[in-house]
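**Q** Handing you a structure now.
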Amino acid sequence: MVDDNIVIDKLRYINEYTNDLKQIRGMSKQQYVDDIIVQRAVERTFMNLIQSCIDLAQHIRASEGLSPSGTAKNEIESLGIAGILSPEVQEQVEEAVGFRNILAHRYGDVNHDIVYGVLHDDLYWFDQFQQEIAQWYQELE
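Sequential numbering from 8 applies to the sequence shown in the numbering used here.
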């Protein structure tokens, strides 16, 4: 059985990180590329956001006895297989896990144009993730 406190806390963190990133979206690409402090803040916030999604997925998977643990992408996949996440959200959050790995492990140089694009074009998927998890959670009660 899921721990209410974990689900609520993780959803709150996901919401806070997403909102933090939305506040940064007003700057131009050139301003972003020229400001290493903002770049680091955005990258770290993305890592925290995506890790919170993984942690929440891991907790739900383990609590609900879903497919066995594996990689971080497997944690997200298990929620899709169980019908907790839509196929679109599952796919996008799995891609985000790969993005987090690039940011966290610095595989090559981080492409700031890509990070800027994700910041402006892909936060929607984290809102969707929150909504689908919250809807599933409400249906449990």
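Heads up, the beta-carbon is just placed ideally off N, CA and C, and yes, glycines get one too.
Taking all protein chains shown into account, decide if S85 is buried (16 or more other Cβ within 10 angstroms of its Cβ) or exposed.
**A** Classification for S85: buried.
**Q** Looking only at its own chain, which residues have a Cβ that is under 6 Å from the Cβ of R68, when we skip the five neighbours before and after it?
**A** E82, S85
**Q** Which residue marks the beginning of the alpha helix (DSSP H) containing N118, and which one marks its end?
**A** Counting along the chain, N118 falls outside any alpha helix (DSSP H), and DSSP gives it neither H nor E.
**Q** In the DSSP assignment, the alpha helix (DSSP H) including V9 goes from what residue to what residue?
**A** First-last for V9: undefined, no H or E at that position.
**Q** Which stretch, first to last residue, makes up the alpha helix (DSSP H) that contains R51?
**A** Where R51 is concerned, the enclosing alpha helix (DSSP H) stretches over 43-71.
**Q** When we look at the beta-carbon of R47 and count the other beta-carbons within 10 Å, is it buried (16 or more) or exposed?
**A** exposed
**Q** On the DSSP letters alone, give me the boundaries of the alpha helix (DSSP H) that S85 sits inside.
**A** 79-88
**Q** Relative to the C-alpha of I15, which residue among S76, E95, A64, G105 is closest?
**A** A64
**Q** Look at the alpha carbon of I140 and the alpha carbon of N12, and state the distance between them as a whole number of angstroms.
**A** 14 Å
**Q** Just to confirm the assignment, what range does the alpha helix (DSSP H) spanning E102 have?
**A** 94-112
**Q** Alpha carbon to alpha carbon, what distance is there between M54 and A111?
**A** Here the alpha carbons of M54 and A111 stand approximately 7 Å from one another.
**Q** Residues in the same chain with beta-carbon distance under 7 Å from I31, minus the five sequence neighbours each way, listed in chain order, please.
**A** In chain order, V45, V49, L126 place their CB closer than 7 Å to the CB of I31, counting only its own chain and leaving out the 5 sequence neighbours on each side.
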